Amino acid sequence: MNYKLNETLIDIDISSDLQGLLLQQASAKEIDDRKPQLDKITRRAEELSKSADQYDSERIKKQVSSMSTLWSNVCRLLSSSMQSLAEIVRHFEQFSRLHETLSHWLVTIESSVSRELEESFLSIPDDQGDTVFQVGMFV
18 MNYKLNETLI DIDISSDLQG LLLQQASAKE IDDRKPQLDK ITRRAEELSK
68 SADQYDSERI KKQVSSMSTL WSNVCRLLSS SMQSLAEIVR HFEQFSRLHE
118 TLSHWLVTIE SSVSRELEES FLSIPDDQGD TVFQVGMFV
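Its first residue numbered 18, the sequence shown is counted upward by one per residue in our numbering.
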């Protein structure tokens, strides 16, 4: 009997998770690179709100506040997603190590059991040969 694990377990494809992690890291870098633009927009909005009438000033402040909130949400979600993907990769690496250890153990056990079965079959007397020997003794 052959108790090999399904080969597809070994070939679990995490490349999509790794690509996702890499894409998110690139997105995080792009967001970091755009932070100065956000600061510039915020400063420009403050300047505009000082020179605008009260109604326009309030609208500008609300829009800047909304933009800042959205920016914070995007940053938070991206960070959370990156942490989740990194955790998935860590778990997969741990699973792979355990799978490799278990596969090696199973191969060792299978080999040992096969060897013991062969030895036990070889040590069992052949009934027909034993019978011929016994009959030959009485003739």
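Don't be surprised by glycine CBs; every beta carbon is placed ideally from N, CA and C.
For clarity, every value in this text was computed on a predicted model and none was experimentally measured.
- Here the stretch 39–50 lies against the stretch 92–112, with 3 or more beta-carbon pairs under 8 Å apart.
- Taking C-beta atoms as the reference points, LEU55 and MET99 fail to come closer than 9 Å.
- Of the candidates SER113, VAL130 and LEU102, LEU102 places its Cα closest to the Cα of LEU40.
- Looking only at THR125, ILE105 and THR59, the smallest Cα-Cα distance to GLN80 is reached by THR59.
- Taking a C-beta distance under 9 Å as the contact criterion, ASP73 and SER82 do not qualify as a contact pair.
- Note on geometry: alpha-carbon atoms of ALA43 and GLN36 lie some 10 Å from one another.
- Less than 9 Å divides the Cβ of ALA62 from the Cβ of LYS78.
- Across the structure, PHE112 and VAL124 are spaced so that their CA atoms are roughly 18 Å apart.
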